[in-house]
Structure formats: C-alpha cells, structure tokens
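Note that our numbering has the sequence shown beginning at 217, numbered continuously upward.
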Amino acid sequence: MIDNSTLETLHNTLSGDVLYDNLHKTLYATDASVYRKIPLAVAFPKDDSDIKILIDFASKNNITLIPRTAGTSLAGQCVGDGIVVDVSKHFTSILEFDEQAKTIKLEPGIVRDSLNVFLKPYGLFFGPNTSTSNRCMIGGMVGNNSSGSTSIRYGVTRDKVLAIDAILSDGSSVTFKEITSKEFINKTKENSLEGQIYKSIYSELVSAAVQQEIKKEFPKETIHRRCTGYAVDEFLKSDLFGGAEPTINIAKLLAGSEGTLTFSTAITLQLDNVAPKESIMVCAHFHSINESLKATLTSMNHNLYNCELMDKTILDCTKNNRELAKNRFFLQGDPEAVLMLEVAANTLPEAELLADNLIADLEQNNFGYHYPKVYGLDIAKVHYLRKAGLGALGNMVGDMKAVACIEDTAVALEDLPNYIEEFTKIMAKYQQNAVYYAHAGAGELHLRPILNLKKSEDVVLFRKITTETAKLVKKYQGSFSGEHGDGIVRAEFIPLMIGENNYQLLRRIKKAFDPNNVFNKGKITDAFAMDKSLRYEIDRTEPVIETIQDFSDSEGIIKLAEKCNGSGDCRKPVEAGGTMCPSYRATKNESETTRARANILREVLTNNSAKNKFDSPELKQVLDLCLSCKACASECPSNVDIATMKAEFLYQYQETNGYSFRSKLFANNAKLNKIGSLTPTLANLVLNTKIAKNAMGVAVERTVPKLAKQTLNSWYKKHANNSNQNIISSAVEKSQNKKIYLFNDEFTNFYDVEIGKDAVYLLEKLGYKINIINHEESARSYISKGFLKEAKAVCDKNILIFKDIISKNTPLIGIEPSAILTFRDEYIRLADDKSSAEKIAQHTFTFEEFLATELEKGNIDKSLFTKEEKTLKIHGHCHQKALSGTNASFQILNLPENYNVTILNTGCCGMAGSFGYEKEHYKVSMQVGEDTLFPKIRNCSSDTEIAAAGTSCRHQIFDGTKRTAKHPITLLKEALL
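Encoded structure:
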C-alpha cells in the first residue's frame, strides 16, 4: 500500500509535481469515455529525468503509469488506477524543424492545430485531422494512431511518424526510427532492453507460419484505418519478414500502442504541403443513410479531400446550440443524411468544374436531392458543425446517451453499404436508433447506440451490442478500432478480431517491451472488462437536489453537469479562437476547465454525504477561478453552463458557510452606490485609497470605478421634461412612432452616465420615443456572487413591472450587455412567473441588436452619419458573445459609410465583473487579458478607436493597455452629423 507520505516524497524528488488530493484524483478518473477509475496520483513531469523517476517508482512499487495529454480518449485509454502522467503542461516544445525535408521534431504536448498554425507560413501542415484537433495533442494522436476527416487524402498518424524518442520500462532512453534490415539484425545482438526488444520482434515474426496467420486474421490491407492491437502487420512489409522493403521502423509499432510499450518524450513527423488554395464543399442531402452510403462509392471516384457523413440525429443535436445553429446555413429541409464532399484545385474555375462533375454524377445515379456548394470560410463552419457532433451528442436531455463502444468500426469501402445494412438489423433487434456520422469515404462510421448506462439492463445491452458488432466487423474482415483505439471498451475483443494466436503474439511483445507492466496496464493486452468501472454507479438511486434556479430544461442540475462527456472543447488554446475557457488558457491546469468543473459538480452532488450537497471544499476550489463568462453555455457543444451552476453553488454553499464581507459589498453594489452617489466626490476619494482597497479585498493595482456626479435617472427626469424631438428624414419618419423602453441598468446609472446620455441622444436623433421608467436593478451583481434569494426578488419585481408593457411593438433595450441579457438568461430560471419572463425575453434586446434590426428594416437613415474615415476595432463582451453575438455591433458601427470596422478575435478580457478586482484573482485576471486582448489592442494604431460594450471590458482594457475604449453607442453618437 502506497501512502501519502510516500507520494509526497516522490513529489519532492521531481522537478514537476505529484498531486494526490481528492480533487485531482477525481478530475483524472475520467476522460471522454464511459469509464471511471480513481488513480493513485497525478504527475506533471517537467523533463525526461522526471519520467525516469516515475518509471523507477512504478516498477519498484508494482504500479502502472497512465500517459495522458488532452484526455479526449473515447475508449478509456487514459483511465487507470496507477499514476496518471499528464505531459500536456510541460512537454510542449518544438525541438527541431527542417523546412526542406518537411519534417518536425516535437514534444507530445503540442496541440495539433497549434502545430499547423506554426507550419502555415511555410506552406506545410500535419495532415491527420481529428474532430478534436483544436485541443488534442500529438502524443495522444500517436498513441491512438488518429486519422480524422483527411485520411482519404493524407493517411493516418502512423504514416507520418518517422521517429520516436522514448524511455523504456528500465529507464533507458532510446530512439526508434527507420533503419536498414542489417542494422535491425545488429540491434538484436545488443545487451540491453532495447536489444532484447529487437531480438524478440525478430524471433516472433521470422516464422512464415506466423506471417501467414497475421495476414489471414488482421483487417484487410485496403483498410488504412486500423488500430486493433499492435500493428505487427506493418512489419510484414520488411524483407526480414516476407516483404520487399529493405528498411523497418519500430516507431510504426508504437503508433497505436496507447502508451503500453514505452513512454514517448519526442516525436518526429513527416509533413505535407498544404492543400490547393481553392476548395468547394458539396453538401449533398439524402433521404436515407443507405442512399448516402451508396452515393459514397460514386463520390469517392472524384479525388475528394473530404467525404464525411452527418445523420439527422447529429444535425438535430445542433439545432438548440447557440453557436452551432449559426453553422446550419447550408441545410434545406430535414435530410436524413448529409455528405460533405470537398474538392480542391489551384483555381476557382477548376474547383467549380470538379464540383459540377461530382454533382452531375450523383444526379445521374439518382443519389440525393439537394447539392448546395459551400465556399471559403463557410467550409470551416460546416467542418466545425461535424466536428462538434461528438460533443453535441451530449446535449441529449436525460440519461439516455449516445454511447461510444462500436463507434470506431472500419470496413472496406465496397463493403460499407452491406455492413451498415446488417448493422441496422442488429440495432433493430435491440430497438435501437443508432447515430451515424463521420468518415464515410474511409469506410468508417461512428455508430452509436442510445443507452442509459445507469441501468443494469442497458449495461447488458452495452456488452451485447458491442459483441455482435465485433462479430459483424470480423465477418467483413474489418477493423474494430479504426482511429479511436482499443482502450478499455474494445481491448477485450482483440482475440476475436485477430485470432487467439495473434493475440498471444501481442502479449509476448508487450512482455518484451514492458515485463513489469509499468505502462498503461489493462489496455490492448490482459484487458480490463468493458462493462466494469463505468462512470456511473449502476442502478443507483438518483439524488434529488433542490435548487433555487429552475434546471428542468436539463432534468435537474446533476444532469446538466452530466451533459459533459469529456470531449475537452474547453481545453482549446488561444489560437483556436473563441472564449472558452479563459481560466484554463491562463493557467493550463485541467482543474480550471469547464470539463473539470462539470466532473466535480457531478461527483460531489452525487456522492457528498453532507446534509448540504453543495458544501464541499473541492467544489469551492474548482469553481474559484471560473469567471462566469458563459462561453461554455454556447461554445461547449453540450451547452454545459458552468456559470449558472456556479451561481447556484455559491448560493447553496454560502447558505451553510456564510457570506463574506466582500461578497456582500459587491453583491449590494447598486444599493451602496445609491448612498455613495449622494456625495460622489468623497466616495470616489475614499474608495480609491489603499486602506479602503485592502479593507474590501480589492487589488491595490486596480482603480475602483468612479461614481458619476449625477445619476442617469436624475439627468433623464430633467431631460424628458425638456425634450423636443424633431423629425429630420424619411427613414426617421418610419421610426418616429416606435416606442421603446430603455433599461437603466445599475452600471450605467451610477458609473457610465455619459454613455446613457449618448444612448438617449442617439435614439432621439433617430426618431424613437424613449421611456425610462422606475424599475429594479438587473440583479447581475447578486447573481455573480450567489445572492440568489435577492436576485430572485429583483427578478420577480422587474417581471411584474415590465410584463404588461414589453411587447413586439414596445421592446426593452439595454446598454450594458451583462445586465440586459439577464432578462434572456437567468430570469427564465429564477422567475416565479416564468411565462411572463419568457414573453419579456422574446422582446428584450441589447442596444446593438435593436439598432441592427431597425437598420435591416430600413428604419435608420445612414445620411445622418458622418462620411469621415475612421478605423474601429470591436471587442465583444463575453455574455454578449455567448447570448447575443457581436455581429450586431459590426452592423451598426458600419452605419457611417467610411468607417472601417473589424471584430477582434479576442476571448475574455479577464475582468469579469468583480473577479478581476479581487486581490487573489488579479494576476489571473491580467493573464487572461494578456492571452489575446491586450496584445491585439497594443497592436492597434493610436488613431484606431476601440469599441467595447461591457463596462468591465473597458476598465480592463484601460488597466492592461492604457487605451480608452468606447461603447458603440458613444461612437455612433459622435458620428452623428
């Protein structure tokens, strides 16, 4: 038994870290599979020496090391009860790059898409392209022999691996690379573990009978997606073992070995030239899956770069995702299947000809009914829709989920229609409507049954369906593991897939490399049971969690957390774009991902024995750096809204443990500002002293926002009495009778009064009749600090105030995004009168949304605005991006015809309301800003105007860059003639 003191000693020995607290062990107990195993500890080595120490420790203590990068494995490869070794944080360097030879040597923690960002200026790229390419890492891709959508053109990862630097189970360092047959024989004579490995491989494969057995039982050679077991069939190409090639490379065996043979520390890859610059994607629509598969055979005669399938189930999952719904633009009607068929050429006319020929061929063979062509940047949107299919499956409400078990089968292309026909019969027998998507052109479909693995009867089906499918794949001599690996879910079936003799051969090879089972025990050989160690306790009594917010849209808060299937979209780096997840991007810690927070919420709310299930130090720790940006509500394919769950946690936790002085200050900000606004000069002076900041727990580096000398409310009362609107254009005449209610949020009312004035002046100039009535604050501060009783009271009062006056003809318009968007988001969960809340939400808009809509209706006269030339850059507020979008800002800032407007691809600014002011969060807050926003602002010329709708964003931009950003309202008001 290894105790904590022993692990602490190990931690002190390493340059990196060994963590063995409950939080980290729980976080690393799962990946993107259905499995859960609590590890002994989690290690974060910094260098090869650390890995050697870990190997020695594991060998002496009879435990196993589970290598891990992004943890997006679908088969349970990085789940185990030993020490999980996470190389994603420190093994992230490019070591060598040879542009002429088109090769690169790198460490295993490099993200695939980040690698291609580095390679793009050289006209090169790494071809294999998984659906997780914006966060999966090269080490994991080698471990699984990943393929992705481009394999029909560029092959699989194994094809690209030239060499692997590895550490063997005795701690020795080796490099496996291509060598001659003579060099191989010489290696067998070396007196080392490396020499013993070469000797064992030679003695095992030199027999003609063994070679014949491999050829007979392994998948057909025409199937290039093959990850079943170890790739010993690759060696049969060598003249040492009956082939014709004079060279051999053991690195090819390591590709797909799932970290069970060695520990890889550096990988050398062959690169490809980037694809021709002009691409067209034909998104062919079909009435049935079978029709689409038959069409695949025809389509593959057209030299395609992509041939991907999405079925109706996947497409339906994207309808209700705010971000994915934008990418459904190419769909017509409700197709049962869509094939994404991409052609490419050096010129657009050549590409058009290729696309037209493809469409003509499909039409001639009566395949499909609609063939839209997609161009340019829109192609990436369609790819993103498909890639997000995996995560979108987690969006299924309830316990029935699309389960990964038979999702990785690959057969020869000519066998695909018949294989799917037989597979469908198996599904029908079990009353299953399976999900069909992915790589049709490669003979691989990610087929998933819909099961509830919390129920024993479905766990039985889990095994039955997997077993019957394995037998069907064997019938067609296919590969049961096409690109996702064997892991736990499929390793049991390797003897069936390749025959018992070949399986025993694999066991002996494992023994030669790793006699003490140091590396990733239970994968490929001597496998863990595929229906044990599941994520959920079978036939458990489902916990009932009472919440103040309404989570019925997910059947409760636990099931909202359980929507996270571990796909790891929240680990995408800065260069991938988007916002999720800012705290992970700043720290590179798994514990700061959306996935981690969902995992801990699920674990604690399910298993916590405390009276208050939310009373958990682990939950408090994992949610501490969540900025409540809401990016996960839209960018996570499963819409796992951590911000909403964090608000619930804070409320429940604080009800038991009390509310801090600082939290009370921030939560009651509007009430305190009302008092402070009586003597704003004095309040501003006092609050910005070091003593006051320390007393409030505010970072001394921050400037506390200053109260305006006059509130917007008091100014507006005088202004309304004196206002006299003049109609000045025909466009304005159309809008003059448009009555709107302007929501005077607590930030505009007390701090940003000038912006509020600008909004009033601008709307009046455009001919709108403005009403600002007495109402409550938005409750944003209450929500962010977990004061949900108070927030609910505010919400209910505002619903009562607005329910009879807000309509299509009299909308509610807001200035501060985080405030006005509460009506469309949190109010729906908090309101007693939900139907009225939903009605108000339908007619509530940000200022930018309202003007953009009016512009589209022709109700705004562009001649009212200056013709002066100006360059503007827009930074979007996080809530705006998650719940609204920045396109409306772009549209309205283009009203002045000579304005040059660009939306900056920036993530979260890092301020996030009070978060960035809190002294313990200041450094992380500024690091989040440095990730994307600050550098892009600094790169703007001094005469470029920065537009930012969020008050927090504007303060953060100033603190981080000393640039003054303006609300789009102010920029438009200034542009009026």
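Note that CB positions come from ideal geometry on N, CA and C, so glycine has one too.
- Beta-bridge partners assigned by DSSP to Phe-865: none are found.
- Boundaries cannot be given for Asp-961, as no alpha helix (DSSP H) includes it and DSSP labels it neither H nor E.
- Between the stretch 449 to 464 and the stretch 331 to 351 there are fewer than three C-beta pairs closer than 8 Å, too few to call the two in contact.
- The DSSP assignment places 710 to 714, 716 to 729 and 773 to 778 as complete runs of the alpha helix (DSSP H) inside the stretch 700 to 784, in order along the chain (cut-off: 4 residues).
- Just so you know, the alpha carbons of Lys-775 and Arg-813 end up roughly 14 Å apart.
- In the same chain as Ala-561, and ignoring 5 residues on each side of it, the C-beta atoms closer than 7 Å to its own belong to Pro-492, Glu-494, Ala-567 and Leu-570, in chain order.
- In summary, Asn-815 is buried, with 16 or more beta-carbon neighbours lying within 10 Å of its beta-carbon over all protein chains present.
- In this structure the stretch 870 to 879 lies against the stretch 992 to 1004, because at least three pairs of beta carbons, one per stretch, are closer than 8 Å.
- Going by beta carbons, Ile-1029 and Tyr-957 fall inside the 8 Å limit.
- Contact annotation: the stretch 1073 to 1089 does not touch the stretch 1047 to 1064, with fewer than three C-beta pairs closer than 8 Å.
- One Cα belongs to Ile-1173, the other to Glu-312, and the distance between them is close to 37 Å.
- In summary, Ser-1105 is buried, with 16 or more beta-carbon neighbours lying within 10 Å of its beta-carbon over all protein chains present.
- For Ile-1162, the enclosing beta strand (DSSP E) begins and ends at 1161 to 1164.
- Only buried fits Ser-1168, as 16 or more other CB atoms lie within 10 angstroms of its CB.
- Put simply, the stretch 834 to 850 does not touch the stretch 1174 to 1192. Fewer than three CB pairs are less than 8 Å apart.
- Under the three-state reduction of DSSP output, Gln-412 falls in the helix class.
- The distance from the Cβ of Lys-262 to that of His-306 is about 5 Å, consistent with a contact at the 8 Å cut-off.
- Of all alpha-carbon atoms in Glu-623, Ile-636, Asp-785 and Arg-544, the one lying nearest the alpha-carbon of Cys-352 is that of Asp-785.
- The shortest CA-to-CA distance from Thr-288 to any of Ser-879, Asn-278, Arg-811 and Gly-1074 is the one to Arg-811.
- Going by DSSP, Gln-1172 is part of the alpha helix (DSSP H) stretching over 1167 to 1177.
- Separation of the CB atoms of Phe-735 and Thr-476 is rounded to 5 Å, and the pair is thereby assigned contact status at 8 Å.
- Taking Glu-864 as reference, the option from Ile-761, Val-902, Ser-783 and Thr-905 with the minimal CA-CA separation is Ile-761.
- A Cβ-Cβ separation of about 17 Å leaves Ile-1044 out of contact with Thr-1062 under the 8 Å criterion.
- The closest CA to that of Thr-1180, considering only Ala-1164, Val-676, Val-598 and Leu-1111, is found on Ala-1164.
- The beta carbon of Gly-298 sits closer than 8 Å to those of Pro-255, Leu-256, Ala-274, Ile-279, Thr-280, Leu-281, Ile-282 and Lys-737, all from its chain and outside the five residues before and after it, given in chain order.
- Nearest to Lys-542 by alpha-carbon distance, out of Leu-601, Leu-513, Val-627 and Ala-248, is Leu-601.
- DSSP links Pro-283 through a beta bridge to Val-301.
- Looking at the DSSP output, Ile-1119 sits in a beta bridge with Ile-1090.
- The continuous stretches of alpha helix (DSSP H) do not include Ala-447, and DSSP gives it neither H nor E.
- Residues of the same chain with a CB within less than 6 Å of the CB of Ile-395, apart from the 5 flanking positions on each side, do not exist.
- Note that the C-beta distance between Lys-1189 and Tyr-977 is below 8 Å.
- Comparing C-alpha distances from Met-713 to each of Gly-356, Ala-245 and Ile-430 shows the shortest one belongs to Ile-430.
- Taking all protein chains in view, the Cβ of Pro-759 is surrounded by fewer than 16 other Cβ atoms within 10 Å, so the residue is classified as exposed.
- Taking 8 Å as the cut-off, the beta carbon of Pro-1033 is found closer than this to the beta carbon of Ser-1100.
- With respect to Asp-702, Cys-533 sits apart: the two C-beta atoms are not nearer than 8 Å.
- Here the stretch 574 to 584 does not lie against the stretch 717 to 735, with fewer than 3 beta-carbon pairs under 8 Å apart.
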